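Take a look at the structure set out below.
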Amino acid sequence: MSDFLISSFTIAGIYALMALGLNLQAGWSGLLNFGHIAFAGLGAYATGIVIQAGGSGWTGALVGVGLAMALGWAVARLGRQLGSDYWGIATLAIAEILRTIATNEGWLTGGAQGISAIPSLFDGLPRPWNAVAFLGLVLAVVAVAALSLRRVANGRFGRALRLMREEPQLAACMGYDLKSLKTRAIMAGAAVTALAGSLYAHYMSFAGPDYMVASETFLIWTMVMIGGMGNTAGVLVGVLLVQAAYSAVPFAKDFFGFGSDLAGALRLGLIGLILLACLLWRSEGLVPEKLRKIPA
Amino acid sequence: MLQFLVDTALRASDLALIALGLSMVYGLVKFPNIAHVQYAMLGAYLTFFLRAAGVPLVGAIVLSCAATGLFTLAMHLLVFRRLLRSGPAIAMIGSLAVAMLIVAVLQGVAGSFPRMFDLPLSAPHEFGDARMTNTQLLTVGTTLLLLVLFSLLLFFTRAGRAMRALASNRALADASGLNAERITRVVNFGSGAIAGLGGSMLALSTGAHLNLGHDLLLPVFAAAILGGLGNPLGAVAGGVLIAFTETAVTNLNFGFLFGKPVAFLPVAYIGAASFLILLLALLFKPYGLFDRQVRRV
Amino acid sequence: MTAVTAPLLQVRSVAKAFGGNRVLEDVSFQVEPGEIVGLLGPNGSGKSTLLNLVTGFERIDQGEVHFEGGRIDRLPAHRIVDRALGRTFQLPSMPTKMSVIEVAMAAATARHGFFDTLLGTRAAREAEERARVEADALLKEFLLTPVRDLPSSALSGGQKKLLGIVCALMGKPRLLMLDEPTAGVHPNLRNDIVQALQRLNGQGMTIVIVEHDMHFIREVCTRCIVLDRGHIVASCRPDELSSNERVLQAYLGGGRAATEPEKANA
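Line by line, the protein sequences give chains W, H and Z.
Sequential numbering from 827 applies to the first sequence in the numbering used here.
Sequential numbering from 3 applies to the second sequence in the numbering used here.
Sequential numbering from 208 applies to the third sequence in the numbering used here.
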């Protein structure tokens, strides 16, 4: 049981990082990034490739963050000409292209087989302490990321983003360079998400193209929307809720004895239903974004 | 050469009807409906189950289209009309949720194994160096027929004019007495039915499988965007262009680039080709290839 | 007569068309430091477009715009604001998820960046505090303190206009361009705006006001430029307006646009 809990929370923590990265783009800047998972994929693959080439985990993570930020920059450039929903589709297309490349360029990425035998951190420790230590690391990173991002959101940069998402003209007449703001928001979100990807690669000892399927982006979107778009605490709530639903299904499967197809369907259906219900009756999410208090 | 054209026509008819439906509805609701390709998959599965229950193929397809159309209409009335009040972004995310639900229900009911149609085998017909099976002929023929009917409807009937008016300027159309909501409902039903038809015909060759919808997502959107969202016949043209590029890319021998006698692009990259076209289109002509309006940037 | 000081704003032969519609033709004028210039004209004369062109929210088709000696007509809007040219909007729309004080603070000019905020440096904290103090002071001056913590979209139309002026002032502009600041504003508030503008002018700010309200113009402006169907037809003192032939024609619908647009100079 405790193994299960440790594992669930570790995965929840990794998703939390990805969700925080998406929140920066979608929640605070109003950017519809439907290819978000590509950033995580780059992090995971960078870690895998660098380690296979003999480098260290740190280097891998750094390279992953760098690559993700470069992709973020490119994707932001694309947004200069496009309306927001078109841009969403474009990001989806880019993520799919990257996934296709990952599946086919075996010489670099191991193809559909992916890259295996990525060392799990803390391998030196005995069980279960290695898992606990990893969980500790993940939670620490999430805590630092959440607090830092919240601080940024409440500061000048975040204020500019939040103004831009609703009133871009007003933001422009205050002297804000909207294109630069968007680019920086996407790049920052990309960096955090790539870090999550690296951690995931270490956790699973594996990096594969299935990490970058579009449904992963949709899952993270669901977490952010259900929890509360634009609210750091809300995002974390959303992650926990969705992860709980995801984890509950295998239990139900064993209890009621239905097949794995039905289990998969139930997971997907439950998430879809919660998302739809949220959108119809509480579109702000369970923990909506509140006005910031600024004492006089 | 002829086989090349046949391949292009086949792929184009896979995409054309579904892209047409997507574009048609977009003109009225102004948000990209990600669930649209899942309507096609729904139609495919319904056709399969009806046929498995004993309904002859044509009847099964017709019933399935009607059911898919009704489902699309229901989604519009129950979900999207409400969500649109909060804006197109929320509606788009809502379509994501609906798409998830459709996949989930089908997975639960039908399982993840593809369901093949057991159609009577027959020798393929030969035209020069090209070969087409009965099924393929049926598919292309039906698609062409429907396109012709649709064009006639769009340009020569009052209903079609009303649709076009509504798509280009909703406020004005409303003011001139057109019943916007009723037309939107009819168009929703129609686009769902056409998507169901497209999906069913596609499934005749590939079987009804859970990735049918998702695999169509980007090519269909690429076709619709190339043609200009809201321009249904443009979407068909976009579909032809995508089909042509995909066929060309797979048939081109790139050996000369690498100094080898034979070098073909891996099959998986065909999909990537249409995504690339989509990206290029979005970069240079975001409002479609046929866009003639001057827009202030 | 040559001016002793260089003009603050110079608009030379600016033209703009939307599609086939020629909104502005060969518009030229200057604004000297310390003036309060009223930009008048009937509906459709191109006043708001001219404002948008000068502040970078539209691109000019022909001509040049110079501000403080430098050419600004090719710059994007946010770069023009950086040069101490502030503006307000006719129908200010305010965000729903930000309070009035936050919106005002967003307009502060202090330049501390992403990393300063992230690390919580002293520079960032001090800049935030200064921004808050400035914003609170301006809100007080424009009587917005009672609504300080409300969502900015909850304000009345007149209050939103005031907030718009506060935001423009946070940028410490040397030239302030206002788009119909008193339209739809309660008469009491209107007087406060008049007084505030006069106060600002007394402190050295140059102001250009696009307006409809003749009384407001007479009270506040030192000079008036009148547009009619895309041409400047007059440049004179407010008290000379009612005796100017071309002005009367413009407002009473003379029927023909000016064939010889006047070059409006101080």
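Beta carbons: idealized from backbone N, C-alpha and C, even for Gly.
These numbers come from a predicted model, not from an experiment.
query	result
Where residue 452/Z sits in the DSSP three-state scheme	helix
Nearest candidate by alpha-carbon position, reference residue 188/H, set 212/H, 213/H, 162/H	162/H
Which of helix, strand or coil DSSP assigns to residue 467/Z	Any reading at residue 467/Z must be qualified, since the residue scores a pLDDT of 40, below 50, and its modelled position is unreliable; no value is offered.
Alpha helix (DSSP H) runs contained entirely in the stretch 193-241 of chain H, provided each spans 4 or more residues	214-228
Beta carbon proximity, residue 421/Z to chain W, threshold 9 Å	no
Within chain W, partners of residue 94/H - CB distance below 8 Å	858, 911, 914
Alpha-carbon to alpha-carbon, residue 1113/W and residue 1059/W	7 Å
Test item: CB-CB of residue 1014/W and residue 1004/W under 9 Å	no
Continuous beta strand (DSSP E) stretch holding residue 223/Z: start and end	216-225
8 Å Cβ cut-off: residues of chain Z touching residue 989/W	302, 305, 310, 313
Residue 328/Z, buried or exposed, once every other Cβ within 10 Å from all chains shown has been counted against 16	exposed
Of the listed residues 313/Z, 269/Z, 416/Z, nearest to residue 985/W (C-alpha basis)	313/Z
Chain Z within 9 Å of residue 1003/W, Cβ atoms only	yes
Beta-carbon proximity list for residue 913/W, same chain, < 7 Å, skipping 5 on both sides	858, 904, 905
Contact with chain W by residue 285/H, beta-carbon distance below 9 Å	yes
For residue 129/H: DSSP bridge partner residues	132/H
Contact set between residue 284/Z and chain W, taken where Cβ atoms lie within less than 8 Å	998, 999
Beta-ladder partner(s) of residue 269/Z, from DSSP	222/Z
CB contact below 9 Å: residue 1111/W versus chain Z	no
Alpha helix (DSSP H) segments (min. 4 residues) lying fully within the stretch 316-352 of chain Z	321-326, 329-348
Residue from 102/H, 232/H, 272/H whose Cα sits closest to the Cα of residue 32/H	232/H
Chain W contact for residue 288/Z (CB, 9 Å cutoff)	yes
Chain H residues whose Cβ lies nearer than 7 Å to that of residue 919/W	220, 277, 280, 281
Supposed contact pair residue 15/H and residue 145/H - C-beta distance, whole angstroms, cut 8 Å	4 Å
DSSP three-state assignment for residue 887/W, whether helix, strand or coil	helix
Closest residue to residue 109/H among 915/W, 1105/W, 932/W, 1086/W (Cα-Cα distance)	1086/W
Local conformation of residue 299/H per DSSP, three classes	Reliability fails at residue 299/H, whose pLDDT of 34 lies under 50, so the model's placement of it is uncertain and the value that follows must be treated cautiously. Looking at residue 299/H - three-state DSSP - the assignment turns out to be coil, as it is neither helix nor strand.
Every unbroken alpha helix (DSSP H) within the stretch 353-383 of chain Z, with a cutoff of 4 residues, ordered by chain	364-377
Stretch-stretch touch, CB-based, cutoff 8 Å, three pairs: the stretch 241-259 of chain H with the stretch 76-86 of chain H	no
Start and end residues, alpha helix (DSSP H) containing residue 237/Z	Where residue 237/Z is concerned, there is no enclosing alpha helix (DSSP H), although the beta strand (DSSP E) it sits in stretches over 228-238.
Span of the beta strand (DSSP E) around residue 441/Z	438-443
Contacts that residue 335/Z makes with chain W (C-beta to C-beta distance below 8 Å)	981, 982
Local Cβ density within 10 Å of residue 851/W, reported as buried at 16 or more and exposed below that	buried
Under the three-state DSSP convention, the category residue 16/H falls into	helix
Nonlocal neighbours in the same chain, by C-beta distance under 8 Å from residue 135/H, ignoring five residues either side	124, 126, 127
Proximity of residue 271/Z and residue 437/Z at Cβ, strictly below 9 Å	no
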